[in-house]
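Single-structure report; data block below.
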Amino acid sequence: MRKIYLLAALLLILGCRDEEVGAELPTNEVSYAVTEISFKPELNASVSDEIVLDYDGMQTFTAAIPYEVSIENLIASITLSSDGGFIQLDGSAFQNEVTAHNFGKEVELEVFNSDQSNSWNYTIRLTYFTGLPILNINTDNIPVDSRDMYVNGTLNLFGGLNYDDIDNSAIQIRGRGNSTWFLHPKKPFQIKFESKTNILGMPEDRKWVLLAEYSDKTMLRNKLTYEMGAMSSLDYTPTGEYIELFLNNTHQGTYLLAQKAEESSNRVQIGDDGYLIEIDQQQRVDPDDVFFTPTIFTQEYNSNVFNIKAPNIGYGSPEFELIENHINNFESVLFGPDFTDPDAGYRAFVDLDSFVDWFLINEIAKTVDAKWYSSIYFTYIPGEKIKMGPLWDFDLSYGNVDYADSQYVDGFWVKDNLWISRMFEDPYFQALVEERFDYYYNSLGYFNQFIDDTSSYLNSAQEFNYGIWQSLGVYVWPNPVYYDTYEEEVTHLKQWLSARLNWLAQEF
């Protein structure tokens, strides 16, 4: 019986083998893998030396493309592992070494076999120039040499891999700033579109500022503070993105294109009857500005004014008298005998969360102007409380000033602000500050990573920027220290911030 079973099994195996032998075997599929992509000078007039793309071994080809190359009109040479493949770029047929294509954005490359029954997919990501968006402003060579007079111009933005382009947009441009305008060769600007415009992913608006970041050789201090503000309870903090600026085809270096600190539906929101106030120096206000001088504050700081940035009102108007009276009443209570009373004291006038966060961010950064001098913003909507913010102007912060004690990591600075120092006499306010400080102190690792990531992003840009301005390793007002390399400047910022937070941790 056992022999019969063995014989049957043998016959079954042989039968299966016969079926396999008789079956049609699949043919080997021909591979059409991409082995190389390049841009050759003989095919591209703007290419001086052949550019061969790097391959990550998976599906992405990358390269850095010089500024003089016409990245939006290039003819590629694509080598396949086998002849006969059919190529598409961004879904359109591509004839190798013939078809010009726009490589300014991420390009999807797909290779099909001869009957298009199979395909291989790749991505081409080219970094143009420094990798930052490129802003070209043309004024027909009319110089932009005034903070008061706009010059008409045309703006083109190459957004690169991450942002949308803007083509031939009519704008106006003028200078901006105070010390940054008068003391430094790399000038800051303000631009104004004809209508509200979305740029670099930021909410649409008409006015934008181009911060030169000349005295801040890390070019990080404003951006770092914007990040802190975004983490805070402040209603609004400006944001900005780095760009390469070309003015009348001349490279001006790396700028931070940022939102302007102003009333707007996408910026400081104060409704129909609210106020945006900037504490500033009287010598710096414009002739058309409307301001007032609170009795108590200006007894201490007699050169300061409270400049009404919004709304547009006149002296003696009901709106003017309302805000002037409200601030005077607030100060009278703040410096009155019952100021700590939860209901009748200063707390009835102010949004404590915004005051605490505004103070801590400025004290951490030891912002020289925030003690009393300028760029101190707050809002007031009738029927609501006074709120601090937005944050503004941090290039002379984090130790980057040589004419004040705010350069040192130890010691308080903004705590001596007239309003803040009085609030610290209230144990309730001090307790809020101490509790909230832990939030920022525990974020030091995040801040350091943000500095590392952002400085790495700027690495190529800073080389071109300092190639133009030659400001590394030399004194630039008001640097207390300066270093020969960008990396050393960044390291100093990180060390200063860490030491500053550690000193404050001992106090709070």
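Convert by adding 742 to the 1-based position in the sequence shown; the result is the number in our numbering.
Cβ atoms here follow ideal geometry from the backbone N, Cα and C, with glycine treated the same way.
Only a predicted model underlies this, so the values are computations on that prediction, with no experimental measurement involved.
Query: Keeping to the same chain, check which residues put their C-beta closer than 7 Å to that of residue 1125; ignore five residues upstream and five downstream.; Result: none
Query: For residue 982, is the classification buried or exposed, using 16 other Cβ atoms within 10 angstroms of its Cβ as the cut-off for buried?; Result: buried
Query: Between the region 1081-1097 and the region 1040-1057, are three or more C-beta pairs nearer than 8 Å?; Result: no
Query: Can you tell me whether residue 1223 is buried or exposed? The criterion is at least 16 other CB atoms within 10 Å of its CB, across all chains shown.; Result: exposed
Query: Please report the distance separating the alpha-carbon of residue 1138 from that of residue 1036.; Result: 27 Å
Query: If we count Cβ pairs, one from each stretch, closer than 8 Å, do we get three or more for the region 1128-1135 versus the region 969-983?; Result: yes
Query: Which whole-angstrom value is the C-beta distance of residue 895 and residue 913, which I expect to be below 8 Å?; Result: 5 Å
Query: Return helix, strand or coil for residue 696, following the three-state DSSP convention.; Result: Because the chain here runs from 743 to 1250, residue 696 falls outside it and cannot be looked at.
Query: Please report the Cβ distance between residue 1001 and residue 950, rounded to the nearest whole angstrom; I am assuming they are in contact, meaning their Cβ atoms lie under 8 Å.; Result: 7 Å
Query: Going along the chain, which unbroken runs of the alpha helix (DSSP H) with 4 or more residues stay wholly within the region 1168-1244?; Result: 1169-1183, 1186-1199, 1201-1211
Query: Looking at the unbroken alpha helix (DSSP H) that takes in residue 971, where does it start and where does it end?; Result: 963-973
Query: Might you give, ordered along the chain, the residues of its own chain that have their beta carbon closer than 6 Å to the beta carbon of residue 1005, omitting 5 neighbours on each side?; Result: 1012, 1018, 1052
Query: Does residue 1037 come out as helix, strand or coil in the three-state DSSP assignment?; Result: helix
Query: Indicate whether at least one CB of chain D lies closer than 8 Å to the CB of residue 1209.; Result: Within the model displayed, chain D is absent; a lone protein chain is all it includes.
Query: Just checking my contact of residue 1211 with residue 957 at CB under 8 Å: how many whole Å lie between their CB atoms?; Result: About 11 Å; that fails the 8 Å criterion.
Query: Locate the beta strand (DSSP E) running through residue 993, then write down its first and last residues.; Result: 992-1001
Query: Check whether the region 1061-1081 and the region 1097-1115 are in contact - that is, three or more C-beta pairs closer than 8 Å.; Result: no
Query: Which complete beta strand (DSSP E) runs does the region 790-841 hold, if anything under 3 residues is left out?; Result: 802-807, 819-822, 828-831, 834-836
Query: With a threshold of 16 other CB atoms inside 10 Å of the CB of residue 818, please say whether the residue is buried or exposed.; Result: buried
Query: With a threshold of 7 Å on Cβ separation, who are the neighbours of residue 1233 within its own chain once the five nearest residues in sequence on each side are excluded?; Result: none
Query: Using the C-alpha atoms, what's the distance from residue 996 back to residue 1151?; Result: 28 Å
Query: Is it true that the CB of residue 1034 sits closer than 8 Å to the CB of residue 1073?; Result: no
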